Structures are given as structure tokens and as C-alpha cells.
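Here's the structure, in C-alpha cells; my notes come after.
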Amino acid sequence: VGDVTSAELVEQLRQREADRRAEDRADDRQRREWEREDARERREWDREVGRRRWEAYREVRSERALLDRQRLELEHAERLRDREWQRSATASHDREDQRRRLNAKLEVVRAVAERGHLDMVNLNLDRLLETVFDVVPEPITAGAGAPDGIEAGPTAAAQAEEDGLDAGVREEDDH
Numbered sequence: 001v002g003d004v005t006s007a008e009l010v011e012q013l014r015q016r017e018a019d020r021r022a023e024d025r026a027d028d029r030q031r032r033e034w035e036r037e038d039a040r041e042r043r044e045w046d047r048e049v050g051r052r053r054w055e056a057y058r059e060v061r062s063e064r065a066l067l068d069r070q071r072l073e074l075e076h077a078e079r080l081r082d083r084e085w086q087r088s089a090t091a092s093h094d095r096e097d098q099r100r101r102l103n104a105k106l107e108v109v110r111a112v113a114e115r116g117h118l119d120m121v122n123l124n125l126d127r128l129l130e131t132v133f134d135v136v137p138e139p140i141t142a143g144a145g146a147p148d149g150i151e152a153g154p155t156a157a158a159q160a161e162e163d164g165l166d167a168g169v170r171e172e173d174d175h
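Counting with the UniProt record's numbering, you get residues 1 to 175 for the letters of the sequence shown.
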């Protein structure tokens, strides 16, 4: 047991050295495997971070595009509303102008009728009144806001005849 020959000793040392080298190689393989695993995990992590950044960028871009579309739609709706208000104001103004013109014409007809010269003027009063009632808005034709002395509806012409305006004009012509 205590007698170890130098050849055996050299053989034991070689064996120990071979075992140590095998262990070192196994350790190196294990270390390289761990390094590869760490590198792979880092690459996966970097890819995940990049993917999440890209996803966040796309989401922000999509939200901005949505906000831009909504802003454009809102601006378009505002322009349409402004145009509608302008049209409405213009139409209201036009109706008011038309009503004023018709009221002026009615005043002329009434003044001519009061003086007894209605049958001297070539006017078809029924037709004129129908035109007035077709054009003038409802509240005026219904008597609300109509000028004094002008009655609503087609009975105004019939009442003028009943009042004897034509008879009064004929009497004046006879004198």
C-alpha cells in the first residue's frame, strides 16, 4: 500500500490530470451553455422590448390618426353647421323681405280701394290675395302679426265686394 512505484505514481497523476481536464471541459461546456442560454434570453428580451415599443408606437400613431379624423370630422360638421345657419339666416331674411314687399303691395291695393279707384286698376284682387297667402308665412296669414285692416284668408276679397267698394267707385264715376 505504501509502496507505490514511480510508474504508478505517474499514471495516477496523468489520470488525475485527465480527470481534471475532463471536469474543466465539462465546466467549460456548462459555462458556454449557460452563456448561450443567457444570450438567447437577452435576445428574446430585446425582441420583446422592441416588439412592445413598436406596438406602443403603432398604438400612439393609431390614436393620433383617430384624433385627426375626429378633428377633421368635427371641423367638417362645424363648417356644415355654419353653412346651414347662413342658409337659414338668408332664407329667413329673404322671407322677411318678401313679406315686406307683399305688405307694401297690399297697402297700395288698400289705398287704391279706399279711394274708390280699384276697378280702374287692372288687378285681379283674388289672384293677388291667393299669391300673398301662398307666400306669406302662416302666422301672418292666420292674422297674427298681419297689418291692421288686412284679414286672413280668401274672405278679404269677398268682404271688399260686400262693403260696396265697387259701388262707391261707380257712384263717383257717375258724378
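For glycine and all other residues, C-beta sits at the position ideal for the given N, C-alpha and C.
Keep in mind it's a predicted model, so treat the numbers as computed, not measured.
Residue i: first and last residue of the uninterrupted alpha helix (DSSP H) it sits in
i: ASP82; result: 6–114
Residue environment, residue i, which counts as buried when at least 16 other CB atoms sit within 10 Å
i: LEU106; result: buried
i: ALA113; result: buried
i: VAL49; result: exposed
i: residue 178; result: Given that the chain is displayed from residue 1 to residue 175, the structure contains no residue 178 and the question cannot be resolved.
Helix, strand or coil at residue i [DSSP, three-state]
i: ASP3; result: coil
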